[in-house]
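Chains as they are written, first to last, in this note's numbering: chain A, 13 to 556; chain B, 13 to 556.
The structure under discussion appears below in the form of structure tokens.
Protein chains: 2
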Amino acid sequence: MKTVYFRDYRKTDDDGYNLYCLFNALQGQSGIKVIFDKDEYEIYPDYCSERNLFVSNHGWNGPKRMAVLIEDMQDVELDFSGSVLRVHGAMIHIGILKSSNITVKNLVLENPQTQIMHTKVVAHGENYIDLLKMQGKEQFHMRHSELVTDYMDGISFNVWIHQEYEAATEEFRGDFPLGINICDEKIEDLGNDMMRLYNVKRFPPIGNIIILNATRRLAAGVFCENSSNILCQNVTIHSCMGMGFAAQICENITLSNFNTLKHDGRYYTANADATHFVSCSGKVIVENCTFECQLDDALNIHGMYTKVVRKANNELFVKEMHEAAKGIRIFRVGDRIQILDPVSLIPYTEKTITEIEYINSDLIRLAVAEDTDDVIVGDSAENISYTAELVFRNNIVRHNRARGILIASKGKTVIEDCLFISPGVCVQFEANGEYWYESGGVNDVTIRNNTFERCGYFYKEYPLINCVPRRAVAEGKYFHKKISVYGNKFIVKDGSVKLAHFDNAEKIIFKDNIVTENDGKEPFVELYQVADAELQADVKTVSL
Amino acid sequence: MKTVYFRDYRKTDDDGYNLYCLFNALQGQSGIKVIFDKDEYEIYPDYCSERNLFVSNHGWNGPKRMAVLIEDMQDVELDFSGSVLRVHGAMIHIGILKSSNITVKNLVLENPQTQIMHTKVVAHGENYIDLLKMQGKEQFHMRHSELVTDYMDGISFNVWIHQEYEAATEEFRGDFPLGINICDEKIEDLGNDMMRLYNVKRFPPIGNIIILNATRRLAAGVFCENSSNILCQNVTIHSCMGMGFAAQICENITLSNFNTLKHDGRYYTANADATHFVSCSGKVIVENCTFECQLDDALNIHGMYTKVVRKANNELFVKEMHEAAKGIRIFRVGDRIQILDPVSLIPYTEKTITEIEYINSDLIRLAVAEDTDDVIVGDSAENISYTAELVFRNNIVRHNRARGILIASKGKTVIEDCLFISPGVCVQFEANGEYWYESGGVNDVTIRNNTFERCGYFYKEYPLINCVPRRAVAEGKYFHKKISVYGNKFIVKDGSVKLAHFDNAEKIIFKDNIVTENDGKEPFVELYQVADAELQADVKTVSL
């Protein structure tokens, strides 16, 4: 293993270019250890690498800059020695493309301008609220009585969501806390960093934090595609424009002590999920991490449903449907696909791919070995040849918007030894063939030895473990196979007492869990369309 | 030459897909004649070809769909037999990439939705004006009292310019005729297709046409790159989202009876230049064409200045500067580049490229044979190895916004037998190293036997032939070499009497031109920084 020192490549005043030179020199090589001196590296996009990328669940496809680009490399270790990589602009911090055996470690990622604005509630009026801008780095301005970002690549973005955090506890207090779409109402600049929002319908307490959010997921922190055996260790994301870690069509990924952590007076970390895995295979291990205050889930793992839009003899035309998930090349010759009703998501036939033609970034012609008479145009197709096992172990998940983790992977899944302090659902089994087109059902999930502390503290009606109901079910068929929940501790005080909603599953085990501090309300587990359930006697069960 | 009939490929109900199948089957082939039945082909983007493109002077780089894609082909003729190719959405009608000896003929191009709205002035108020929407196809809506396009690829665009046409004469009546930036002021929907615009500063006559323009050049009509020997014959563009014909890094192009023509009650044709040539070589012939009512020039031919942003020994880092002109790969090993002051545009040194590294879509490292001690960082670089000859012959240019034609090509240039009925400048010699970065000076231009009829009818103070002055000149050095203007007819009645402004040129000939119907004001020719001039005696000359 050859050792290379980044200091030997810091020949210009532009570390973006220095990084470019280093990784351009290393492109295609194997067996390299790159060591960085501990420093704060300020990276501007001017001299950085660029590729045309389609980043799943981000959208905004096309040319993307990257501070670090590892491409066509094998057996590489990047040791940043605890450095900060601070990018300025819509850039991916680290891109890993068509590479294997890649380790990235000891690194902090930041982006000072991520299309959000932190504000503090300072006064209530008849129908307005006054907000104090807490930071200046977000670069918003007022236009037609609307708050918009400064132009970025020729486009100015409006505030489309907002969230509340409680000042004292730093806990999440919900989406749309002002009860309005901010972008539809009038905002007035009062000077001295003060703004007045009109037609407010809800009035969060004075002192609470309102985050005005114009995020458009223009770049991820770490992005991996068509790569295998990736390890990110001791990596902390303070801020980035999209997801903290996004991997698509990768095999074997380990994130260890990979964190989204608040910093510098902010209440927000990543602008989307902390970690996200699309059409991955092999084993995904996420352990010893802390995920806090990102805009979306701590983890989301799923495949992609495509929609059958046309068929011919031995041919299916499938379309990648969600506008933020196009251009992801999820099919390989030999893959098996299931065809399923987009509502019930129960498959009714399988095909084998013999040929693939990418017509454009969302439309794909698949030649299949079998005839296609039984395929209904308009139904969904799922590639079942990619399945990832998941271990989500010894992690802390707290105070982020959205859910704790989203599980939609057919591989064996273990969630253990974690602490969840979530405002709503902690573990969600989600899949959707009509809007998100994220697939699919689970086969074997174990949730054990976790602590759920005050979970659902904001969304008190939500189940902590939730199988999202389908709009339709099929008699005697189940979307999920087996989900086991045992040895966990539920500290339900001041949270939701709906411990779980199991739905559309063949086998449910909910045993040996400890439920404490129930606040007088009786904790319970809900069941619907479950074929077989082993349930502990001391927890109430409601069958719907 | 093999003949292929499109009708044999119309196997599905989607002509976008049928076109895709045909040209996908032909990709890489030579010696093909493709015949289309005369028809109106409706093309939706769903099944069309896509490439990541950087279209010069358009911007919005990334994945672009094309109804017809000719790629890696030689000796191909497409005969559309007078058909209409009507695309729906942000699509290029015809893309020609890495091909040679390509003929496209007998075709009409349309796009019903091109981010513009035709309106008619129906009433004046104290500070407002009432406009009647003339068409419904433009799909604008009101948002925060602002007129914006419906969402397209996730973005909604505002009205950033507007133009006036006189109803009776259909003549252009200027940019920003309401005296405001429409996007900064309030618009009210009055129902019944009526809108009220407030804070209007000018009041165009009732009955005149106001075109509200949210165009962002998302696609060209015909786009050619890295191709040679292209002929477009009998092609008419009624509407498209960007330029009618855009070619970059191509050699030998002929447009014959290639027109931008009004249609269907519209006053507008292409949303940008009718024809545009960037870093082309060989011979560009544009003849027997009519260009009317497009948003920008009838023709613009130029190279690209890049900015030297860094240098090292035998290395220059140059940047493509204009945000709508990035990713155009204009350099080849062996090319000669000139370095010049960005204000005077007078070159002071030349280098020879020995190696090229495209760092990203706007930054390029050029290794050069010579040392770089004499290069000043911040100055401009021009590739002088690409020069195109231009023949612009027997064309009609009328009533478009902007100029008639823009000439910035070092090759021999002839403009002859044309009729110009232009609201302002007819022939402009333009180049700019500070904002547009379009290069360069001309060497040998002949303007002969043209008729300039009532030119400058709206911009009466402008010269009809204009060398745009540089902010600085260099003693004894000239940006342009020779410009000859002879045998032309200037019918100046109701137009500008400033026939020409010659500036920064070595040799000017202005002889044997006929000037008629001068309305009592005396026509004249203006000279500044001209080394040598042969001028006809019967036209007044003003030396500045």
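Just so you know, even glycine gets a beta-carbon here, dropped at the ideal spot from N, CA and C.
Nearest-angstrom beta carbon gap, residue j and residue i [assumed within contact, 8 Å]
i, j, result
"T287(B)", "V298(B)", "6 Å"
"D309(A)", "A414(A)", "5 Å"
"K510(A)", "D456(A)", "Not confirmed; about 24 Å, so no contact."
"T384(B)", "E327(B)", "7 Å"
"E332(A)", "M316(A)", "7 Å"
"L357(A)", "I249(A)", "So it is not a contact: roughly 33 Å between Cβ atoms."
"I194(A)", "K132(A)", "Incorrect: roughly 16 Å between the Cβ atoms, too far for contact."
"I141(B)", "L209(B)", "5 Å"
"I459(A)", "V439(A)", "6 Å"
"I365(B)", "D347(B)", "5 Å"
"H314(A)", "E450(A)", "4 Å"
"G339(B)", "F235(B)", "Incorrect: roughly 13 Å between the Cβ atoms, too far for contact."
"R341(B)", "I261(B)", "7 Å"
Strand pairing of residue i, partner residues [DSSP]
i, result
"T458(B)", "V426(B), S496(B)"
"M207(A)", "L143(A), D201(A)"
"L97(A)", "Y53(A), L121(A)"
"N395(A)", "I349(A)"
"M154(A)", "L159(A)"
"S42(B)", "Q86(B)"
"S451(A)", "G315(A)"
"I388(A)", "I388(A) is not bridged to any residue."
"R377(A)", "F329(A), E369(A)"
"L402(B)", "V296(B), T425(B)"
Proximity winner among the options, relative to residue i (alpha-carbon distances)
i, options, result
"D27(B)", "F48(B), R405(B), Y279(B)", "F48(B)"
"V551(A)", "A543(A), K501(A), D506(A), K519(A)", "K501(A)"
"I114(B)", "T161(B), E237(B), E369(B), I192(B)", "E237(B)"
"K117(B)", "T126(B), V133(B), S95(B), G101(B)", "S95(B)"
"Q377(A)", "C33(B), M255(B), R19(B), N312(B)", "The sequence given here has Arg at residue 377(A), not Gln. That would be C33(B), whose Cα lies nearest to the Cα of R377(A)."
"I419(A)", "C479(A), E54(A), D524(A)", "C479(A)"
"V542(A)", "A486(A), D531(A), A231(A), D524(A)", "A486(A)"
"A284(A)", "F270(A), S268(A), R278(A), F257(A)", "F257(A)"
"V330(B)", "D276(B), Y53(B), I388(B)", "I388(B)"
"I396(B)", "L375(B), L556(B), Q350(B)", "Q350(B)"
"A517(B)", "E538(B), I368(B), V504(B)", "E538(B)"
"A226(A)", "F188(A), V212(A), H174(A)", "H174(A)"
"N264(A)", "V403(A), R278(A), P189(A), P359(A)", "V403(A)"
"D196(B)", "Y59(B), H156(B), E178(B), Y360(B)", "H156(B)"
"K323(A)", "L190(B), D25(B), G416(B)", "D25(B)"
Unbroken beta strand (DSSP E) run spanning residue i, endpoints
i, result
"G107(B)", "103 to 109"
"Y177(A)", "173 to 177"
"M78(B)", "74 to 83"
"S268(B)", "263 to 272"
"L357(B)", "Run containing L357(B): none; DSSP gives neither H nor E here."
"H136(B)", "128 to 136"
"Q541(A)", "536 to 547"
"S61(A)", "61 to 65"
"Y17(B)", "14 to 17"
"D187(B)", "184 to 187"
"G306(B)", "The sequence shown places Gln at residue 306(B), not Gly. No beta strand (DSSP E) contains Q306(B), which DSSP labels as neither H nor E."
"K489(B)", "That residue, K489(B), is in no beta strand (DSSP E); it is neither H nor E in DSSP."
Span of the alpha helix (DSSP H), counted from its first residue to its last, around residue i
i, result
"Y29(B)", "27 to 38"
Contact test: residue i Cβ vs the ligand ATP heavy atom, cutoff 8 Å
i, result
"M206(A)", "Judged by which ligands are present, the structure shown has none, so any question about the ligand ATP falls away."
Got a sec: which bits of the region 16 to 44 of chain A sit with their beta carbon under 7 Å from any beta carbon on chain B, in order along the chain? Residues are counted here when their Cβ sits less than 7 Å from a Cβ of chain B; for the region 16 to 44 of chain A these are Y32, given in chain order.
Going along the region 313 to 346 of chain B in order, which residues come within less than 9 Å of chain A, judged by CB to CB distance? For the region 313 to 346 of chain B, which is checked against every Cβ of chain A, the residues closer than 9 Å are V321, R322, A324, F329, K331, E335, A336, K338, G339.
Pull out every residue of the region 132 to 159 of chain A whose Cβ sits closer than 9 Å to any Cβ of chain B, in chain order. Within the region 132 to 159 of chain A, the qualifying residues are R155, H156, S157, E158.
Going along the region 374 to 391 of chain A in order, which residues come within less than 7 Å of chain B, judged by CB to CB distance? Flagged, chain order: L375.
Please list the residues of the region 467 to 478 of chain B that have a C-beta atom closer than 8 Å to any C-beta atom in chain A, keeping them in chain order. Across the region 467 to 478 of chain B, no CB contact with chain A closer than 8 Å is found for any residue.
Along the region 64 to 79 of chain A, what residues have a CB closer than 9 Å to any CB found in chain B? Hits within the stretch, in order: N64, F66, G71, W72, N73, G74, P75, R77.
Please list, in chain order, the residues of the region 349 to 366 of chain B that have any C-beta partner in chain A closer than 7 Å. Those would be none; no residue qualifies.
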